[in-house]
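Those protein sequence lines, which keep their order, are chains A and B. For what it's worth, our numbering labels the leading residue of the first sequence as 1, then goes sequentially. For what it's worth, our numbering labels the leading residue of the second sequence as 428, then goes sequentially. What follows is a short report on a single structure.
There are 2 protein chains.
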Amino acid sequence: MVQLHTDRLHGSVTAPVLGSISFLNEVMSRHPGAISFAPGAPHPDTLPDVDVQRFTDRFLDHAVVRGASPDRARRLLFEYGPARGLINDIVAEALRQDYGIDAPPESYVITVGAQEAMLLVLRALFRSSGDVLAVANPCFVGITGAARLLDVDVLGVDETAHGLDLDGLARSCQEARAAGRAVRALYVAPDYSNPGGSRMTLDCRHRLLALAAREDLLLLEDNAYGFTAAADDELPSLKAIDTEGRVIHIGTFAKTAFPGARVGFVIADQRVDGGDARILADVLASIKSMVTVNTSPLSQAVIGGMLLEHGGSLDRLSRTKSELYRRNLHLLLDALDRDLGSPPPGVHWNRPDGGFFVRVHLPVPADTDLLEVSAAEYGVLWTPMRQFFLDGAGDTQIRLSCSYLDPDGIDEGVRRLAAFLTKETRQ
Amino acid sequence: MVQLHTDRLHGSVTAPVLGSISFLNEVMSRHPGAISFAPGAPHPDTLPDVDVQRFTDRFLDHAVVRGASPDRARRLLFEYGPARGLINDIVAEALRQDYGIDAPPESYVITVGAQEAMLLVLRALFRSSGDVLAVANPCFVGITGAARLLDVDVLGVDETAHGLDLDGLARSCQEARAAGRAVRALYVAPDYSNPGGSRMTLDCRHRLLALAAREDLLLLEDNAYGFTAAADDELPSLKAIDTEGRVIHIGTFAKTAFPGARVGFVIADQRVDGGDARILADVLASIKSMVTVNTSPLSQAVIGGMLLEHGGSLDRLSRTKSELYRRNLHLLLDALDRDLGSPPPGVHWNRPDGGFFVRVHLPVPADTDLLEVSAAEYGVLWTPMRQFFLDGAGDTQIRLSCSYLDPDGIDEGVRRLAAFLTKETRQ
């Protein structure tokens with residue numbers, strides 16, 4: 001029998017991440033009674049609204065109004081579709097209306113979740129091995145994983161409470177240049193990053209755009225959690241205040257609609273010189289045709305129909321979800337205050353006002369051994385932060401997600417967590 | 428405004444293929460009355476059967492029988508799912524039952540079409556730049572495109588009427604070895620390849636497996652068109668007669684169910700030594716989590732439900748489609764015989780008994796200029812074959828697809844084609 005060796009397989013380099021997620025699943029399966037702050041998945045209460053038939057019909061009506069015959073419209077759902085997408089007009093109108101992002105439908109590519117969008121953008125931008133991707137550190141593993149798959153070199157820029165260490169970024173650009181390389185792009189999630197939970201101030205956004213212009217950087221903006229901001233506390237996305245076309249904006253419907261559709265998008269309106277492509281979206285669509293051909297038209301129709309049913313507004317589609325997550329986040333922070341009123345020495349956490357995540361610092365290593373103790377003896381699970389750091393830092397931090405739990409679960413979970421932290425972080 | 432340059436973008440290297448497809452679309456839009464033998468898309472008559480609600484319900488019943496609560500089953504459709512897939516058991520049982528492929532569900536990864544499966548396999552297998560991918564020449568552009576995206580070097584092995592030039596393959600392996608490189612895998616579609624239309628004899632299949640063992644090759648088998656074989660004329664897939672575990676088998680539901688689901692699969696039961704992965708499917712699932720996270724559970728449920736509604740048999744699901752395509756293919760070949768009874772000098776074609784495609788040789792270059800003449804003056808379209816060749820060969824060949832047309836269209840289309848070939852291929 002053929003036996004393959006791991007050192008000749010490329011995917012084996014992603015094993016650390018896989019290992020960590022499967023370890024969490026495995027721990028969960030051994031401790032079914034444990035309360036888990038690990039999954040960043042959308043709350044089950046947001047799902048019963050998904051009526052595939054109704055939303056599909058809604059999309060079909062729209063297609064007919066736009067000029068397709070009913071038969072032709074129906075076939076759109078089942079045939080191959082354009083690599084660029086089927087609902088670009090609906091999504092572009094929503095982002096224009098709700099968030100002031102002024103980009104034409106043809107600059108959108110509808111992708112299999114935000115993950116495929118990241119892969120496409122990295123593949124397009126990183127042709128030369130001299131180019132480096134900068135990422136906020138700690139960082140969402142989806143972008144560092146995609147970079148690893150494509151052999152793209154990554155460097156970390158520290159995330160701060162206000163967003164990002166811009167001086168550090170400028171220094172990295174200079175150092176790369178001195179070494180004959182170039183920081184080609186920065187990946188950043190300005191609104192409630194995963195896992196850091198920080199939010200970039202408006203001033204920091206403007207300064208980042210100015211720095212990008214000075215250093216000739218592209219900005220890869222991930223807006224997965226922006227919808228969780230309170231209505232009276234919204235900040236413009238980088239793309240909305242991007243006057244130079246430096247921002248490539250990535251979004252997902254996994255949280256605002258539902259993850260099972262696997263529908264995300266990227267806005268890439270940058271002009272391209274020479275060759276057949278007119279704008280970056282043309283290049284991305286061409287690459288996409290070699291990755292997934294096109295995003296399931298059926299899934300796109302469901303998402304398109306959901307948007308149309310909410311007056312074409314992403315904001316309206318996501319409003320009740322946004323409220324649920326803000327409620328959960330405040331319950332989590334309140335419970336931490338209540339049960340850890342005087343926290344053990346070295347235990348402290350941040351206080352994001354949006355997103356899914358709270359980051360807790362411990363005075364001891366937050367490794368898989370400690371997680372095992374937490375699950376077995378205290379019945380509570382969390383995510384070790386170390387996997388999110390590029391530089392092996394973060395090994396004394398944990399991530400708590402509030403998205404998947406109910407109020408009772410959050411309450412009881414924090415009680416257990418407080419007991420665990422109080423006893424087990426004594427040195 | 429930012430201006431990107433095509434020579435610093437990776438995707439621009441796929442522009443030739445994109446250009447060709449968009450050229451075809453563009454020609455079609457300028458000549459809406461033309462009959463097109465270009466699209467290899469499934470016939471519209473195969474689509475009205477798709478009842479999303481019914482098939483989804485059928486899958487949910489199955490999930491409940493397998494032990495999920497109705498509520499939990501319903502959530503499976505809408506939440507994130509496992510990277511490996513949700514319907515592996517259903518698909519594995521179908522392939523065991525119908526085609527004698529004996530591989531456990533966990534060796535399957537359900538992918539976003541066959542295209543993603545190709546990308547995942549190439550990424551897993553090609554870690555070292557010393558490794559080369561061999562492909563049948565002419566070749567499906569999906570695999571060469573994916574190889575280009577991943578910077579995998581490709582060499583061509585001539586396709587013959589019986590399948591493949593095995594001596595040429597053995598020679599290529601030796602030459603690579605002499606140059607300090609290795610042919611790591613061969614991509615091949617044994618059953619009615621796209622675009623060549625050839626079918627590998629049983630003898631050739633056995634000899635290929637023996638050669639793979641001798642040269643330590645993996646075989647990447649694409650079975651997109653196997654279902655079009657007549658019931659009394661089926662040959663076993665390479666995977667079904669693979670005793671050594673050398674075959675990685677890729678399939679798609681685009682033709683047997685419908686393309687808009689974007690559901691395909693790969694069977695990768697090869698054992699892996701060292702590291703966390705136990706079999707190759709583990710590595711592919713790990714890579715997939717960085718490409719698309721998971722294939723839309725909704726799409727998977729529809730495909731799973733379609734299979735279940737046909738007794739869990741892929742053969743039964745695809746039977747009427749197989750008959751339709753065989754009918755169309757025979758109509759096309761008969762019409763060519765009728766209208767080109769004594770073909771112009773240098774015009775000849777192959778006679779596949781399955782698949783979607785017939786390959787016609789011309790005595791003149793089949794380029795975009797000739798296609799323009801064919802469309803404008805004769806009202807008939809076809810695909811230039813050159814894009815399918817690695818070595819610039821094939822520039823006097825065209826591909827005719829019979830899959831998308833009705834009998835009347837095939838008849839009239841061949842009449843026009845005959846007039847075109849008779850007049851325009853005189854030298």
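Heads up, the beta-carbon is just placed ideally off N, CA and C, and yes, glycines get one too.
- Minimum Cα-Cα distance from Ala574/B among the listed residues Ala500/B, Leu546/B, Phe692/B corresponds to Leu546/B.
- Annotated three-state conformation of Leu560/B is strand, per DSSP.
- With 16 or more other Cβ atoms from the protein chains shown falling within 10 Å of its own Cβ, Leu436/B counts as buried.
- From the beta-carbon of Glu736/B, no residue of chain A is found nearer than 8 Å; the closest lies around 16 Å away.
- Within chain A, no residue has its beta carbon less than 7 Å from that of His676/B; the closest one is some 14 Å off.
- Sequence-ordered contacts of the region 465 to 498 of chain B with chain A read Ala468, Pro471, Leu474, Val477, Val479, Gln480, Thr483 [C-beta pairs closer than 7 Å].
- Taking 3 residues as the minimum length, the beta strand (DSSP E) runs contained wholly in the region 509 to 559 of chain B are 535 to 538, in order along the chain.
- Here the region 755 to 769 of chain B lies against the region 781 to 791 of chain B, with 3 or more beta-carbon pairs under 8 Å apart.
- Counting along the chain, the unbroken beta strand (DSSP E) around Tyr614/B starts and ends at 609 to 615.
- In this structure, the straight-line span from the alpha carbon of Phe680/B to that of Arg689/B is close to 8 Å.
- Of the residues assessed, Lys748/B falls on the buried side of the cut-off, its CB having 16 or more other CB atoms within 10 angstroms.
- Using a Cβ distance threshold of 8 Å, Ala136/A and Ser193/A count as a contacting pair.
- In chain order, Met1, Val2, Gln3, Leu4 make up the part of chain A whose C-beta sits under 8 Å from the C-beta of Arg698/B.
- Contact between Gln542/B and Gly569/B holds: their C-beta atoms lie close to 5 Å from each other, under 8 Å.
- DSSP places Arg813/B within a helical segment (H, G or I) once states are collapsed to three.
- In this structure, the CA atom of Asp102/A is about 41 Å from the CA atom of Ser830/B.
- Non-local C-beta neighbours of Ala375/A in its own chain, meaning closer than 6 Å and more than five positions away in sequence, comprise Val27, His31, Ala34, Leu381, ordered along the chain.
- Distance from the CA of Phe553/B to the CA of Asp131/A, rounded to the nearest whole angstrom, comes to 22 Å.
- Burial state of Met1/A is exposed, judged by a 10 Å Cβ sphere holding fewer than 16 other Cβ atoms.
- Taking CB atoms only, Ile287/A has a neighbour in chain B less than 8 Å away.
- Contacts with chain B at 8 Å (Cβ-Cβ) do not include Met28/A.
- Rounded to the nearest angstrom, the Cβ distance from Leu24/A to Thr383/A is 7 Å, consistent with a contact under 8 Å.
- If you check each beta-carbon in the region 530 to 551 of chain B against every beta-carbon of chain A, the ones closer than 7 Å belong to Val539, Gly540, Gln542, Glu543, Leu546, Arg550, Ala551.
- Exposure of Ala640/B is indicated by the presence of fewer than 16 other C-beta atoms within 10 angstroms of its C-beta.
- As DSSP reads the structure, Gly264/A sits in a beta bridge with Thr111/A, Thr252/A.
- In the three-state reduction of the DSSP assignment, His458/B falls in the coil class, being assigned neither a helical nor a strand state.
- For Thr810/B, not one C-beta of chain A is nearer than 8 Å to its own C-beta.
- Residues are counted here when their Cβ sits less than 8 Å from a Cβ of chain B; for the region 80 to 101 of chain A these are Tyr80, Gly81, given in chain order.
- Distances from the CA of Glu106/A to each of Ala83/A, Gly100/A, Gln97/A were compared; the closest alpha carbon is that of Ala83/A.
- For the region 221 to 255 of chain A, the beta-carbon criterion of a distance under 7 Å to any beta-carbon of chain B is satisfied by Glu244, Gly245, Arg246.
- Arg415/A carries a helical assignment under DSSP once its states are collapsed to helix, strand and coil.
- When the beta-carbon positions are compared, Glu648/B and Lys666/B come within less than 8 Å of each other.
- For Ser296/A, no beta strand (DSSP E) run applies, since DSSP gives it neither H nor E.
- Listed in chain order, the non-local C-beta contacts of Val720/B below 8 Å within the same chain comprise Tyr507, Ala510, local neighbours out to five positions each way being set aside.
- In this structure, DSSP gives Gly312/A a state outside helix and strand, which the three-state scheme calls coil.
- Taking a Cβ-Cβ cut-off of 8 Å, Met627/B has no neighbours in chain A, whose nearest Cβ is about 21 Å from it.
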